[in-house]
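Data block below; observations after.
In the numbering used here, the protein residues as written are -17 to 219.
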């Protein structure tokens, strides 16, 4: 014990430098640490609910969705309809390994009409004859808001982030206000909120403890002494 104590005292400065270096390296490496974000991996793999979900996914092809939200004074202008038709086909063809199906108000019109060369008036007339329950899935009553629903394969959060970024780039040419949204996008934001601020939360916690000790001791040095080794340990861990 005496030998260890003497050795530590003798090499205190080199040891301190090494420890500080390891701690700083730990904080810097923390943001690159992989995080498992797929909730299905945390579930027992023989769980009935998970097996049922896999059966449904194998049958219908998808249980996940992304919505492309659109807003304009009139969604059903000829320009907007043309964009929806073109972009829906482009996304389905370009991302066929991810996108299982694309549904929009145009899908309903296609299902009800055998004529591929409808005039704009004929197109609007078909929409006006749609039952409200059907049309309301894709467009509001005022014809100012609409969605394109993308049924997608089950993806990890990292893959979802990449795909969402690609979609954002794809829809930049929209002639209306447009956003990528839906439950899958909310999942991305939730995971980012939980993981991206780990270092900030750690530093904030240490600062709050320091502030509390400063109130108690009324001396910054005395308040810092307990915090310093804790910060080093957190960094190395």
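Yeah, the Cβ is synthetic: ideal placement off N, Cα and C, and Gly gets one too.
Just so you know, these numbers come straight off a predicted model, no measurement behind them.
{"Item": "Residue 127 and residue 52: beta carbons closer than 8 Å?", "Value": "yes"}
{"Item": "When the Cα atoms are used, what is the spatial distance from residue 218 to residue 6?", "Value": "8 Å"}
{"Item": "The alpha helix (DSSP H) that contains residue 62, what's its start and end?", "Value": "60 to 76"}
{"Item": "Indicate whether residue 81 and residue 134 have their beta-carbon atoms separated by less than 8 Å.", "Value": "yes"}
{"Item": "Would you grab the beta carbon distance between residue 47 and residue 132 for me? Rounded to a whole angstrom, and I think it's under 8 Å.", "Value": "6 Å"}
{"Item": "Start and end of the beta strand (DSSP E) containing residue 89?", "Value": "Run containing residue 89: none in the beta strand (DSSP E); it sits in the alpha helix (DSSP H), 87 to 94."}
{"Item": "Report the three-state DSSP secondary structure of residue 147 (helix, strand or coil).", "Value": "helix"}
{"Item": "For the segment 105 to 113 and the segment 148 to 155, state whether three or more C-beta atom pairs, one from each stretch, are separated by less than 8 Å.", "Value": "no"}
{"Item": "With a CB to CB cut of under 7 Å and the five nearest residues on each side skipped, what residues in its chain are close to residue 161?", "Value": "51"}
{"Item": "Between the beta-carbon of residue 129 and the beta-carbon of residue 49, is there less than 8 Å?", "Value": "yes"}
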